[in-house]
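What follows is a single structure, written as structure tokens, with notes after it.
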Amino acid sequence: MHAESEIRLPLILGNKSYRQITDDIIAPIEGKAARGWYTLLTLCGLSFLWGIGCLAYTIGVGIGAWGSNNGVDWAWDITNFVWWIGIGHAGTLISAVLLLFRQKWRMAINRSAEAMTIFAVCCAAIFVLLHTGRPWLDYMLFPLPNQFGSLWPNFNSPLLWDVFAVSTYATVSIVFWYIGLIPDFGMIRDRVIKPWQKKMYGTLSFGWGGGARHWSRFEEVSLVLAGLSTPLVFSVHSIVSFDFATSVVPGWHTTIFPPYFVSGAVFSGFAMVLTLMLVVRKIYKLEAYLTIKHIEYMNIVIIVTGSIVGVAYLTELFVAWYSGVEWEQYAFLNRATGPLAWSYWAMMTCNVFSPQLFWVKKWRTSITFTFVISIVINIGMWFERFVIIVPTLCRTYLPSTWNTYTPSFIDIGIFVGTIGMFGTLFLLFSRYFPVIAQAELKTILKSSGEQQKKDAAHHAHH
Amino acid sequence: MGSAVAKTKHIIHGVFNDEVPLLEACKKLRASGIRIKDVFSPMPIHGIDGVIGVPRTRIAICAFIYGITGTSLATLMMWYMMISDWPNDIGGKPNWAYYLNVPAFIPITFESTVFCAAHGMALTYFLRCWLVPGAKAKNPDPRTTDDKFLILLELTDEQAKKAEEILKSNGAEEVNHKGSYIVPAAYTLEEAH
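Laid out in structure tokens, this is it:
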């Protein structure tokens, strides 16, 4: 058995057995839902319905219903798209990159982080599909032979790269997530008693048996998918940043964008994982599996990526000054002192200042403090995308085209709706799916369980 | 050459509480020449493949082949659409030759490689393990997805006795006989050697 250092804190608290892990993970599925769950589901469901209404209105009358105008032709739509896609990235980072680095603490959070990825990508998709103006013609994004002659989409365009990147990312994430879910569905199928549950989980488990050959293939597939997803996740947000960086708009045309966007994505994604996990931990009593140590690890990732984001903001300012290009300089001056300066300073406070508070150990191990900061970061990262897009487009090259921007009622409604949809999907997931990858967790019980570590230490001293 | 005769095979389940004694029992069974049909466990057991003789899976090789297929398909598609079928001059950047435009084609080539490798491999995995919606549960005992570890054996009379002893002396919690079946003479030739 692989022994682990005594000073490393346990990842599974208490004296758990394989059976208890099963019991704890299946508890939300077998038991009755908490009242908090119903309250949250109602709230999210209503916001979702509100969003559907605004979405239908947009399809009915066109995107004139939005606040976007002639100069500011990208506004809340692309802000929300980039925000949601960025949130999604933490899921893949946790499940793929941390798997390649053999970080055992990922096992408590990877399942829900991947679920978050998929739901966030769904929300992001709504915005890109709608912002084309005529969503019923969205199939034209794909290189399909069509009736207009041999006219193909432009493969030199980052917008088309985005179509391929996001659709690959979405489908590969779903497959990766589902392959991991199969053994856990198998466990649920063998445990539940109600006939409809047996049937449902039987179908979902695809007949999983857990034979040695199947496990061997399972592990190989997980490893290769992690290896493929790692460059994929970096490529997706790099390509999203190319949407801006390859244009000639001052403030967008910068080579720093890909790494800056990727670290920002990881930063916002980890914040969202923390927001969700702290709620899940409380509602489903998973304190033994999502320990303070897990929260601390995630907060450390937040410090690192938050600092990268901070450095990127300052580098942008420096390069704009150093370039000597007036338009470039004005773009940044406008962001920091123009009519929408409040959004710039909101972004700076939330993203640069707040994560630095986690240097204090007492704060980064406090659940309440972490929860508050995670929400602050979510807000800050939304403002980052808003600042990049809206103030920039309000003041481009020609002062005669200068414009201002206010979101419409419909803009806000669709955004609130995606938050509701995300919440609804996540709540349903946490109630009916195994929220922790229990099969994987069982592999680390002997090396990282609290009691098991104590026993090992006890044996070692004799 | 032994003569071919019909043989009775007994299905035996050796159930364990923990993977450590199970691995020990597997080693002993193999050492006494007993073939292990399969081992069912709630999670992957490290090091079991070598012990029970599971060959290394070649699924990663499949992924590589699917991946390069994706690379080729994307290259062919973009060459055909952008260079051959309808070359355009977009923003002063003409599409006269593939090699001149290749930097712009890298992202989609990469995405397509990942797309084909990931989905090809996933599909191969599902089909190879026959994990499909509606497939019957493959574990012979439902407790093996929870906290039990099971060695599945299909053995002749003499072997069954020996195996039972080994299982019991190595900490098997239960040794269950799950019936027997007859292997017709035509299929026992190989084993008669």
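If you're matching them up, the sequences are chains A and Y in order.
To convert a position in the first sequence, counted from 1, into my numbering, add 64.
To convert a position in the second sequence, counted from 1, into my numbering, add 1203.
In this text, a Cβ means the ideal position worked out from N, Cα and C, and glycines have one as well.
Inset, instruction - Please say whether L1226/Y and G1151/Y have beta carbons closer to each other than 8 Å? - result: Within the shown structure, residues of chain Y are numbered from 1204 to 1396, placing residue 1151/Y beyond reach of any answer.
Legend entry - Supposed contact pair C118/A and I366/A - C-beta distance, whole angstroms, cut 8 Å: No, I366/A and C118/A are not in contact; Cβ-Cβ is about 32 Å, not under 8 Å.
Legend entry - Residues sharing a beta bridge with D1211/Y, DSSP: The amino acid at residue 1211/Y is misidentified as Asp; the sequence shows Thr. Per DSSP, the beta bridge partners of T1211/Y are I1385/Y.
Inset, instruction - Taking 8 Å as the cut-off, decide whether the C-beta atoms of T1348/Y and K1212/Y are in contact. - result: Not in contact: T1348/Y and K1212/Y (Cβ atoms no closer than 8 Å).
Legend entry - Unbroken alpha helix (DSSP H) run spanning L113/A, endpoints: R99 to V125
Legend entry - Below-8 Å beta-carbon distance, R1238/Y vs any chain D residue: Among the protein chains of the structure shown, namely A and Y, there is no chain D.
Inset, instruction - Would you tell me roughly how many angstroms separate the C-alpha atoms of R342/A and I452/A, rounded to the nearest one? - result: The question names Arg, but residue 342/A in the sequence shown is Leu. Cα to Cα, the separation comes out at about 30 Å.
Inset, instruction - Give a yes or no on whether 8 Å exceeds the smallest Cβ distance from H1216/Y to chain A. - result: no
Inset, instruction - Specify whether the stretch 136-155 of chain A and the stretch 102-118 of chain A touch according to this definition: at least 3 beta carbon pairs, one from each stretch, less than 8 Å apart. - result: no
Legend entry - P1336/Y classed as buried or exposed, judged by whether at least 16 other C-beta atoms fall within 10 angstroms: exposed
Inset, instruction - Using beta-carbon positions only, say whether N220/A and A1307/Y come within less than 8 Å of one another. - result: Taking 8 Å as the cut-off, the beta carbon of N220/A is found closer than this to the beta carbon of A1307/Y.
Inset, instruction - State the Cα-Cα distance for the pair S286/A and P295/A, rounded to the nearest angstrom. - result: Straight-line Cα distance between these residues: approximately 15 Å.
Inset, instruction - Give a yes or no on contact between the stretch 505-521 of chain A and the stretch 68-84 of chain A, applying the rule of three or more CB pairs nearer than 8 Å. - result: yes
Inset, instruction - May I have the straight-line CA-CA distance separating E390/A from M411/A, to the nearest angstrom? - result: 24 Å
Inset, instruction - Leaving aside the five residues before and after F1243/Y along the sequence, list all residues of the same chain whose C-beta is less than 6 Å from its C-beta, in chain order. - result: N1342, T1347 and L1353
Legend entry - E351/A, DSSP secondary structure in three states: coil
Inset, instruction - Report yes or no: is there a C-beta of chain A within less than 8 Å of the C-beta of Y1328/Y? - result: yes
Inset, instruction - Classify P322/A as helix, strand or coil using the three-state DSSP reduction. - result: Three-state result, P322/A: helix.
Legend entry - Identity of the residue in Y82/A, S81/A and A97/A nearest L492/A by Cα: A97/A
Inset, instruction - Kindly identify the DSSP beta-bridge partner or partners of P1297/Y. - result: D1292/Y
Legend entry - F1313/Y, DSSP secondary structure in three states: helix
Legend entry - Any C-beta of chain Y under 8 Å from that of A276/A: So, interface residue.
Inset, instruction - Verify the CB distance criterion: does A1153/Y have a CB-CB separation below 8 Å to chain A? - result: The displayed coordinates of chain Y run from 1204 to 1396. Any statement about residue 1153/Y would go beyond what the structure contains.
Inset, instruction - Give every residue of the same chain whose Cβ lies closer than 6 Å to the Cβ of N1379/Y, excluding the five residues on either side of it in the sequence, and list them in chain order. - result: H1216
Legend entry - Own chain partners of W101/A with C-beta closer than 7 Å, once the 5 adjacent residues on each side are dropped: I347, L491 and R495
Legend entry - Beta-carbon gap between W446/A and T143/A smaller than 8 Å: Closer than 8 Å, so yes.
Inset, instruction - Alpha carbon to alpha carbon, how far is S1383/Y from Y1269/Y? Give it in angstroms, no decimals. - result: Computed Cα separation, rounded: 42 Å.
Inset, instruction - Flag this pair as touching only if the stretch 187-198 of chain A and the stretch 266-281 of chain A have three or more C-beta atom pairs under 8 Å; answer yes or no. - result: no
Inset, instruction - Run the CB neighbour count on G78/A, radius 10 Å, all protein chains shown included, and call it buried at 16 or more, exposed below. - result: exposed
Legend entry - Reduced DSSP category for E360/A - H, G, I as helix; E, B as strand; rest coil: helix
Inset, instruction - Determine, using beta carbons only, whether P207/A comes closer than 8 Å to chain Y. - result: For P207/A, the answer is yes, since a Cβ of chain Y falls inside 8 Å of its Cβ.
Legend entry - Close Cβ partners of K80/A (< 7 Å) along its chain, the five nearest in sequence each way excluded: A352, L509 and G513
Inset, instruction - Go to V1242/Y, then tell me how far its beta strand (DSSP E) extends in each direction, as first and last residue. - result: D1241 to F1243
Inset, instruction - Using a Cβ cut-off of 8 Å (strictly closer), state whether R1233/Y contacts chain A. - result: Chain A contact via Cβ: absent.
Inset, instruction - Could you tell me which chain Y residues have their CB closer than 8 Å to the CB of K258/A, listed as they occur along the chain? - result: Near K258/A there are no residues of chain Y at all, since even the closest Cβ is about 15 Å away, more than 8 Å.
Legend entry - G95/A classed as buried or exposed, judged by whether at least 16 other C-beta atoms fall within 10 angstroms: exposed
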